[in-house]
Amino acid sequence: MNSSDLSVVICGEAGQGIQTVEHFLTRVLKHAGYNVFATKEYMSRIRGGSNSTEIRISSRRVYAFLDRIDIFIPLDKDAVSHLRHRLSSETLILMDAEKIGTQVDVEGYRVVNVPFSRLAAEAGGPIYANTVAVGVLAGMLGIEAGIPEWYIKDRFSSKGEDVVGKNMQALGKGMETGSGLAASSGLNLDITKDSQISDEIILAGIEAVSMGALAGGCDFIASYPMSPSTGVLTFLAEHAADFGVVVEQAEDEISAVNMALGAWYAGARAMVTTAGGGFALMEEGVSLAGMIESPLVIHLGQRPGPATGLPTRSEQGDLELALYSGHGEFPRIILAPGTIEDAFYLTRRAFYLADKHQVPVFIMTDQSLADAFYNMAPFDLSGFEVERHIVETDKDYRRYVITPDGLSPRGIPGYGDGLVVLDSDEHDEEGHITEDLDLRTRMVDKRLAGMKGIEAEIIPPELIGPAGYSNLIVCWGSTINAVREAMERMGRDDLAALYFKQVHPLHQDTAGYLAKAGKIINIESNATAQFARLLKIHTGLDIEDKILKYNGLPFSVEEIEEKLSGILSM
Amino acid sequence: MNSSDLSVVICGEAGQGIQTVEHFLTRVLKHAGYNVFATKEYMSRIRGGSNSTEIRISSRRVYAFLDRIDIFIPLDKDAVSHLRHRLSSETLILMDAEKIGTQVDVEGYRVVNVPFSRLAAEAGGPIYANTVAVGVLAGMLGIEAGIPEWYIKDRFSSKGEDVVGKNMQALGKGMETGSGLAASSGLNLDITKDSQISDEIILAGIEAVSMGALAGGCDFIASYPMSPSTGVLTFLAEHAADFGVVVEQAEDEISAVNMALGAWYAGARAMVTTAGGGFALMEEGVSLAGMIESPLVIHLGQRPGPATGLPTRSEQGDLELALYSGHGEFPRIILAPGTIEDAFYLTRRAFYLADKHQVPVFIMTDQSLADAFYNMAPFDLSGFEVERHIVETDKDYRRYVITPDGLSPRGIPGYGDGLVVLDSDEHDEEGHITEDLDLRTRMVDKRLAGMKGIEAEIIPPELIGPAGYSNLIVCWGSTINAVREAMERMGRDDLAALYFKQVHPLHQDTAGYLAKAGKIINIESNATAQFARLLKIHTGLDIEDKILKYNGLPFSVEEIEEKLSGILSM
Amino acid sequence: MDARLYDMGNIDIAWCPGCGNFSILTILKDALAELEIDPHDLVIVSGIGQAAKTPHYLKCNLFNGLHGRALPPATAVKAANPRLTVIAEGGDGDMYAEGGNHFIHAIRRNPDITNVVHNNMVYGLTKGQASPTSQKGFVTPVQITGVYVEPFNPLAVAIALDASFVARAFAGDQEQTREILKQAVRHKGYALVDIFQPCVTFNKINTYKWFKEHTYYLDETHDPRDRVAAFARATESERLPLGVFYISPDRAVFEDNLLAYRDNKEPLYLRSTDRQEKLSNLLNSSK
Amino acid sequence: MDARLYDMGNIDIAWCPGCGNFSILTILKDALAELEIDPHDLVIVSGIGQAAKTPHYLKCNLFNGLHGRALPPATAVKAANPRLTVIAEGGDGDMYAEGGNHFIHAIRRNPDITNVVHNNMVYGLTKGQASPTSQKGFVTPVQITGVYVEPFNPLAVAIALDASFVARAFAGDQEQTREILKQAVRHKGYALVDIFQPCVTFNKINTYKWFKEHTYYLDETHDPRDRVAAFARATESERLPLGVFYISPDRAVFEDNLLAYRDNKEPLYLRSTDRQEKLSNLLNSSK
Ligand SMILES: Cc1ncc(C[n+]2csc(CCOP(=O)(O)OP(=O)(O)O)c2C)c(N)n1
Ligand SMILES: Cc1ncc(C[n+]2csc(CCOP(=O)(O)OP(=O)(O)O)c2C)c(N)n1
Ligand code: SF4
Ligand code: SF4
Ligand SMILES: [Mg+2]
Ligand SMILES: [Mg+2]
């Protein structure tokens, strides 16, 4: 067992409260000064099945999925078979022998009986089992009791003294058992605490997108629920009154995107949040945005396709879908935050870019990023106020006046002396429908000219690792997390990674970075290497070495390390 | 005036009957043994505006739009200004001076007064003006009267003797005027007739697609009207009883594509016909086809976008839309007939390919191909019977049994002892929803493996021109027509064209063809050179010389010639 | 207000001579002028079709969006800036076929907008296919032996959805249609005005004369607050009633109930965009 | 027929213990068995959601398509092979929100299919947002202060569209629901059966108890051929009637009127695919 980096996995049925443990434990650990990271995998069902969450506790910052399990807590009999391939002889299994002991085969593993159910019953009933579990782990880690006690008070006092009291009891029983275990199980942990961490924030990717939207001035969201993107809708709904956000659950995705465009037209800063299948329905709307030169922010949370696919799993399979979405030709921007911090900053930026350049801007995430969380320094909110790129119109206002940079000042109805005319048909400078075919050509040129301004502020790819690399990993979005940690483990001075957080248009430095590498390795979570194809269009280079995964789970640190080692030793 | 190749253009308001003239005249000319070609350009309105049709009459086969106008017949005052840029001092303008003479400025042009209205009035009323016009042209060309008379009887006898008689009169008056004109105007025509031509067929692109569908065994179409693709729906509707085709106008495009998939599931051979905006709404359905491994035939008639764009005009702007449509990853085939013959054969083939490989197959046309027509030899219908790739199921039938070539025998409900289970979620071999993530990987691999079989029967690009070229034009779809004729005019032995009628997947010979060229010129009707991007993905080559057009009109022979000459002289 | 304020001057109008749309355009301009609505405060959202071209022919702010998709942007415009007067306009294909789902759900939401539908019982712009309201037996190039599916009954459906205001009018009667339209625009909440509009080119059955002969006006004996009676009237098929069928007594208005307006009545674009403090608090709650 | 014929044996069912869907599954199997329908001749088309998983849990041919899109493929299956018994099944979100437009137009088309809607007044699979049928005041993570838009009334809308057969049932009453379902499947033409289905996880308001207390059965005094009366019943809101609300007297059936079946009644897949002669004739007419 790695003494400075612990991986705890809890597995059970949907509805057993794994998420409660996850929230409770990670907050407590962070308050205690530990770095934490949590990621979950779950089935598309409300009860039953097998879901699991991995919680990492570490001396260093960690932000990626690890195959290795140091401590495993199976909550039902299926949990062991569900994750058996990840258990090793090192794994410490904390199992309620009374409850599931007879039903599972744990021959050959290090199993310790922890009577979660009985302890919970003693505390007041089966629903306290989760608190017992937190207590056990807190006890094993030697956390001071005050911290989980604070959490219990903070969370449960609204539910009454009785609930608080019983949780306290459950916690106490758990911690006691845990302390005992720490000694008896030969656990030899040496995870460094850092008091600064206790003041950090913990946010999931989806919350970071939501807060980034609020920071970007989002005041309108219309969407239709769809995993893994619904969290943005619920987050903004929760804060609708406070931030003044119009939040509407549309009847379908087509309505959602058309509402968002109507909202921008009337002066709002609107977004939609969806997944691939829902986005597929929005493409005509994206094309409309292109034609009317409307800003639009689209959060596209990816999950495995085609069609309904695996609704609660992760993939990076919709890059080309977004890039080529909508009929006809018009500019767009695609951002792909890989870290939770980037999810915040880039979503904020998406609103700025959309508004300034009058184009659709995509924020592409995936389930693994949306649901993962870790501790981090609070975001920098200083010195920003949302710029609105709208103008007060004058009497002769023409929405599509042709300008050298392709951008026409954007007016909105009711603000100024002009009229604001939009048309989905080809139109003249005023916005009225036209069949003047020379003007058509000029209007296409005008719309495409907007690309110039966009190209002037592309976010460059981030080079991670030694500048003198000879082997270069290219990746985009959330894959960077496992890549980064695998690289740290490998510690090679010839290996770097180029992390793209803007995937369209690509930064001009891209070709230079690639040219410097002797070997390029493309890593992405899909089956056809979509990003590699993009790089080929941009650079002409064929990337032969690829690490692709498309079973619905994110890359683990170990598999990246293993596959990279394989490729690099060739 | 070119004596062996005449270009006649008629221009007037929507509703003035230009299409009647077009149909009448081209049939008559073909019967007389002339090669004919007609193409039209029209506004998105039912009455008014300015529409025109160009009719070419030639010693050789012609199939492309010419800028040059030899004879111009303006039917209203706006016609002259609408097409003034194409008139020259050579153009003979046949104009009704009494009707529009005072309203238009034709200073400096060769104008001959032809009193169409008066002659029509004499024959029986203003509606006979179109027949007068046909008569005038027939007279000028020295057509024997029996041919247009046959046409009148054939078309109008159902409307009664009176109508036939008046048309005959109008024709006579027109022909008389025409013959006189032939002499007085110094027309010196020398267009060769060929008696074999009279037995050829005349079909518009959209009719060829429709007949190709019938030939491919299409027995189900569900679609929503949209220019320029509606003609397939109306054509099949007309022949629904005779050919046994279920024809349904859906409430929207989403319904249409989902109906088509339901139909294939139940054993039909279904298609949809649509344009870019309608197709954008079908993308989720395309993705469903990918997931359930369903055949699907999509006729995508292109028009300028984005959004509503120019509804009645032409463009090749939806290639990437189709290629990357639908979320998730799965195989597909894209055919792009450029000629009317290919429109027939490839649409027929689309059904074969879809059924055999269980994938969506696109037939991409555009307005210019859909609406153009010319005479051609009747299609070869010999020796084909539609193969149905369905199996009778047995008790243990599993729809998605994993096979080495990725193809699972396709059963349909009610045929055999098995049950046919489809799921848009990831599924097991039976078709039932699964969350087995290893199986997921195998299923993705299985679906993508289907690409192998598809690659074994790619239609190679057609090389037109000398095999020893040093300059190579690459084009796809309808652009080939103007390119071909421009090449014939230029008569260079170093210039060839590679015409792609299958644009995805690309044939393996592609790179070889390109490698042999010193200079490659990409010609397509869009603003961003989408096909060139495809070629780059396939070959790594950057094509620098491009001729792009995106004003809604097809390329003319002259502009290709001019631009090619410019590029080749550099 | 002078209706000429809405006039575009000498523009090219893409409709056929004699089309019922001309009449609706005049009615619209007159009604808006009589209601004293400043063109700058008016937004007309439309889809695609002949009817949907209407807003191009009067002075107003306009959002001529996608086929079938007028209602979602119209709802959003009103939600983003409730001070605007919003009209969603289009044809029967636009609103009831491609846009059918939005029609249902806009009625449920009940934004304060007016939904004007030019019902010519045919697809005009795409040259004469059946629309949802095409009558049985109507022959077209697609429905070659005549329509046999049940025509869509927009009024009955709207009443079934307890729509806030439901009316039908006839383009051939400018006076009464103008009054109905004015009432609809004045009505707070979603208001449907389905207007019979002769298409002289593609619908040779449902002509001016046909509409004249097959319609009559609801009189005072009809109580528009009586939902079941309104429904019964809406299902009449011998002669089709015109007028205000139904006014729902108590529908909550969409934008009035949005949380965004709970503490602040300003249109969104007028609000401060400084959210630093609120964001800080939010971040702190994530500690 | 023995209902066990429809049994899948020991399979993993992804519903929550206590969910109303289990009851509907049993009712469905029993009804189909009693109707002597061979599973091989049965196709169930569904969308996406908890309800839409149903066909996976009984022996049948099934097309589990896209969210909201059960009705178009169901219509097409019936049109391609009228010999099959076709059921389109899904949840209230599936059929009335995402699929709302198809709901309207399927009713207009009137194919001979049965449309079973599990109406739990909530989005189950996506974890508890409001559905179109969620009642006013229903609080969810998106509708945080409670639903205030008008609930969708599927029965009233179906009756407004002159649907061929309109019924409502309650999953808690297996006997009567089975009878209603049998009647619906037997009915020639489109038949809607909206089934109240308690969602024990996300809908704590409309529980078994609530439905029990808020429903009653239509009795013989109700004439299902009386459209206006049916409408009045469908708009009742104090207590919600169950049973067969409406049967339209004379609706043309979609597939019966397709020209493809005018001269030939065979399912499409059984027809000869030799079209050479007909094509030759067609080509000749293009000379
Ligand atoms: C997504 C999409 N599908 C189809 C079309 C083609 N289209 C344009 S208008 C129209 C229907 C016109 O009928 P209606 O709405 O009744 O308007 P009208 O022309 O009769 O006023 C159609 C099908 C389109 N523009 N977009
Ligand atoms: C296009 C699309 N949008 C959204 C979703 C996500 N989604 C799946 S089921 C569902 C709603 C489920 O509610 P309902 O139809 O009432 O079924 P229930 O689960 O309640 O039975 C949604 C929104 C999807 N699968 N596809
Ligand atoms: S086609 Fe019909 S609806 Fe369109 S403008 Fe002409 S008459 Fe009016
Ligand atoms: S979430 Fe509700 S509808 Fe879904 S299975 Fe559970 S109880 Fe049933
Ligand atoms: Mg219409
Ligand atoms: Mg539901």
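Chains as they are written, first to last, in this note's numbering: chain V, 1 to 570; chain E, 1001 to 1570; chain S, 2001 to 2287; chain X, 3001 to 3287. Where is the CB? At the ideal position from N, CA and C, for every residue including glycine. Everything numeric in this text was worked out from a predicted model, so none of it was measured.
Contact between Leu119(V) and Gly178(V) fails: their C-beta atoms lie close to 11 Å from each other, not under 8 Å. With a cutoff of 7 Å, Thr3201(X) counts as near ligand 4, since its C-beta is closer than that to a heavy atom of the ligand. For Cys11(V), DSSP records a beta bridge to Ser52(V), Pro74(V). Rounded to whole angstroms, the separation of the alpha carbons of Val106(V) and Thr91(V) is 11 Å. Under the 10 Å beta carbon count, Arg1489(E) is surrounded by fewer than 16 other beta carbons and is classified as exposed.
Close to Asn113(V), with beta-carbon spacing below 9 Å, lies no residue of chain S; the smallest spacing is near 36 Å. Scanning Ser7(V), Pro413(V), Gly290(V) for the CA closest to the CA of His2040(S) turns up Pro413(V).
Lys40(V) counts as buried, since no fewer than 16 other beta carbons sit within 10 angstroms of its beta carbon. The segment 1 to 18 of chain V makes contact with the segment 69 to 85 of chain V: 3 or more CB pairs, one atom from each, lie closer than 8 Å. A direct Cα-Cα distance of roughly 25 Å separates His1427(E) from Ala1256(E). Taking a contact as a CB-CB distance under 8 Å, the pair Gly1267(E) and Asn3081(X) counts as one, their CB atoms being some 6 Å apart.
Assignment of Gly411(V) by DSSP, reduced to helix, strand and coil, places it in the strand class. At least one CB of chain X lies nearer than 8 Å to the CB of Ala237(V). A Cβ-Cβ distance of about 27 Å is found for the pair Leu3025(X) and Glu1284(E), leaving them out of contact under the 8 Å criterion. Our two residues, Ile3087(X) and Glu3255(X), have alpha carbons roughly 15 Å apart in a direct line.
The beta carbon of Ile100(V) sits no closer than 7 Å to any heavy atom of ligand 1.
Checking the DSSP bridge columns, you'll see Trp1476(E) partnered with Phe1500(E).
Annotation for Asp78(V): Ser50 place their beta carbon closer than 7 Å to its own, counting only its chain and skipping 5 residues before and after. Look at Phe1279(E) here: in three-state DSSP terms it is helix. Contact between Thr308(V) and Ile3048(X) holds: their C-beta atoms lie close to 5 Å from each other, under 8 Å. Among the CB atoms of chain X, none fall inside 8 Å of the CB of Met140(V). With the criterion set as a beta carbon lying under 8 Å from some beta carbon of chain V, the members of the segment 2054 to 2066 of chain S are His2056, Lys2059, Cys2060, Asn2061, Leu2062, Phe2063, Asn2064, Gly2065, Leu2066, in sequence order. Remark: C-beta atoms of Gly186(V) and Gly139(V) do not approach each other more closely than 8 Å. At least one beta carbon of chain X lies nearer than 8 Å to the beta carbon of Gly2100(S). Taking a Cβ-Cβ threshold of 8 Å, none of the residues of chain X is close to Thr2126(S); the smallest such distance is about 17 Å. Relative to the non-hydrogen atoms of ligand 4, the Cβ of Gln3129(X) never comes closer than 7 Å to any of them.
DSSP places Met1259(E) within a helical segment (H, G or I) once states are collapsed to three. Those residues of the segment 2258 to 2276 of chain S placed with their C-beta closer than 7 Å to a C-beta in chain X are Leu2259, ordered along the chain. Beta-bridge partners of Asn1113(E) (DSSP): Met1095(E). Not one heavy atom of ligand 6 sits closer than 7 Å to the Cβ of Tyr3096(X). Residues of chain S whose Cβ lies closer than 7 Å to the Cβ of Pro1404(E) do not exist, since the nearest Cβ in that chain is about 44 Å away.
DSSP, reduced to helix, strand and coil, places Leu2125(S) outside both helices and strands of the structure shown, so it counts as coil. Of the heavy atoms belonging to ligand 6, at least one sits nearer than 7 Å to the Cβ of Gly3049(X). For Asp1423(E), the secondary structure class from DSSP, reduced to helix, strand or coil, is strand.
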